[in-house]
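Presented below is the structure to which this report refers.
2 protein chains.
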Amino acid sequence: MPDQEMTAEATRDAPSQKRLRADAQRNRDRLVEVAAQMFASDGVDASLEEIAKRAGVGIGTLYRHFPTREHLVEVVYRREVEGLCHAAEDLAREHPADVALELWMQRFVDYIATKRGLATSLRLLLTTNSTLFSDTSGRVSGAMRSLVQAAAAAGKIRADVDSSDVMHALGGIYSAPNTPDWRERSGRLVKLLMDGLRFGARG
Amino acid sequence: MPDQEMTAEATRDAPSQKRLRADAQRNRDRLVEVAAQMFASDGVDASLEEIAKRAGVGIGTLYRHFPTREHLVEVVYRREVEGLCHAAEDLAREHPADVALELWMQRFVDYIATKRGLATSLRLLLTTNSTLFSDTSGRVSGAMRSLVQAAAAAGKIRADVDSSDVMHALGGIYSAPNTPDWRERSGRLVKLLMDGLRFGARG
DNA sequence: TAAATAAACGGAGGCACCTCCGCTTTAGTG
DNA sequence: CACTAAAGCGGAGGTGCCTCCGTTTATTTA
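Residue numbers (my numbering), protein chains in the order written: chain A, 294 to 496; chain B, 294 to 496.
Take a look at the structure:
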């Protein structure tokens, strides 16, 4: 068996599959956009009919583009990761290396917040569609690595740390309970971590 | 935190929780009975309304007893395991040790068949409610162990095998694809295994 | 045995899911 | 442009989920 299922390949902005008609593309984009908001605010069980309505399309259109809820979740998730990785590049361009790293980590917290919301649905996806996990976690840690290395090379943070250590330090965010003050606590954790990283930097 | 959630404790026939009113107990039993059949034939996504109807109760009654689909699945699953373990004792009493073992393994195949049907829903349960898994897998392998040891002691099968090896041999059944002829193939596997076990027995 | 009360019942109703197919729009072609 | 085939749209409708609450029934008490 050459490839098993071909679940939801097209990441959309790369026209890898087939050129969509302009209106179809527009609708699809809006759906993903709205779904991302809804999933973030209401959890993955957000009503698909509501998503369709807010995107200004019929429920049929939603289902044509995303045959199951999981398809939609996957696309949103990939988009989230994509955004996170892009942000790393942009931040690196526009800020001093250590600031870029800090801002990115704050953004990472947002990302985790989304991911927690998606958790239940993702659990299913990640066991089924295991490439999804390796794909994305690889990309994310890659982004972090380049930020850390850049900051270290610029002397903005100490040189004796490995990006995987930093990643590991952020791990605390995952395991922390989902309390209402989770967001603030995580923010403080990032600041603290940055202090630790800056301490003893040569720059 | 002493105990986390207390999900669906009462296994029913042990009045561990609270004495139910006679009619309530009757309805509950019927629901579980019907659900077991329906899950087996239609998969875990069987319609709950249909289950209620066939059990001759209203949908409200079903939901009072089992607030979520998962609760119902869990009870059915536990009941399945219970039955399997009881069967081990009964068979051991009524048949020569090796025959008992063989019959039980055939029954084990049926059990797996159910479990596969339940797989999707169970996956969720088994990650959430981890005691469920350790509970049941312990009980099952315990039942198998006593059958194997009895047969070995009686000289009906060779003595140089461990029950965990037999368990492991049955593992092939799990991983085998879910083809239509799965049942027959599994049946033959059991026979084959028994031949292997009997070979060289002193009895 | 009759009355009182707590427990259980059941199904209507509201909401979400998803399919199906007649209608509309787009992107080519002459 | 006008025309047409293909692509896309959308929402009605059938089904299942789950809650809520007025009605029924088992059990207790007198």
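All C-beta atoms, glycine included, are put in the ideal place defined by N, C-alpha and C.
- Taken through DSSP and simplified to helix, strand or coil, A/Phe-426 comes out as helix.
- Comparing alpha-carbon positions, the option among B/His-364, B/Thr-354, B/Trp-397 and B/Val-374 lying closest to B/Ser-427 turns out to be B/Val-374.
- Residues Ala-393, Leu-440 and Ala-443 of the same chain have their beta carbon placed closer than 7 Å to that of B/Ala-385, with the five preceding and five following residues left out of the count.
- Here B/Arg-481 is exposed, its C-beta having fewer than 16 other C-beta atoms within 10 Å.
- Going by C-alpha positions, B/Asp-453 is about 17 Å away from B/Leu-463.
- Taking A/Leu-355 as the centre and dropping the five residues before and after it, the same chain places the C-beta of Leu-324, Leu-341, Ile-344 and Ala-345 closer than 7 Å to its C-beta, in chain order.
- Just so you know, the alpha carbons of B/Asp-403 and A/Met-460 end up roughly 46 Å apart.
- In the three-state scheme derived from DSSP, where H, G and I count as helix and E and B as strand, A/Gly-435 is classed as helix.
- The beta carbons of B/Ala-447 and B/Ala-390 sit about 4 Å from each other, so the pair counts as a contact at 8 Å.
- Taking the Cα positions, A/Arg-451 is about 6 Å away from A/Ala-445.
- CA-to-CA, the gap between A/Asp-383 and A/Ser-334 works out to about 26 Å.
- With a 10 Å radius around the Cβ and a threshold of 16 neighbouring Cβ atoms, A/Lys-484 comes out exposed.
- Taking the CA atoms as reference points, A/Met-437 sits about 25 Å from A/Phe-332.
- Relative to B/Asp-316, the option among B/Asp-338, B/Gly-349, B/Val-327 and B/Asp-488 whose CA is nearest is B/Gly-349.
- In this structure, A/Glu-363 sits away from A/Met-487, with a CB-CB distance that is not shorter than 8 Å.
- Ranking B/Arg-314, B/Glu-367 and B/Arg-321 by CA distance to the CA of B/Val-337 puts B/Glu-367 first.
- One Cα belongs to A/Arg-476, the other to B/Thr-429, and the distance between them is close to 39 Å.
- Secondary structure remark: continuous beta strand (DSSP E) runs of at least 3 residues inside the region 296-382 of chain A: none found.
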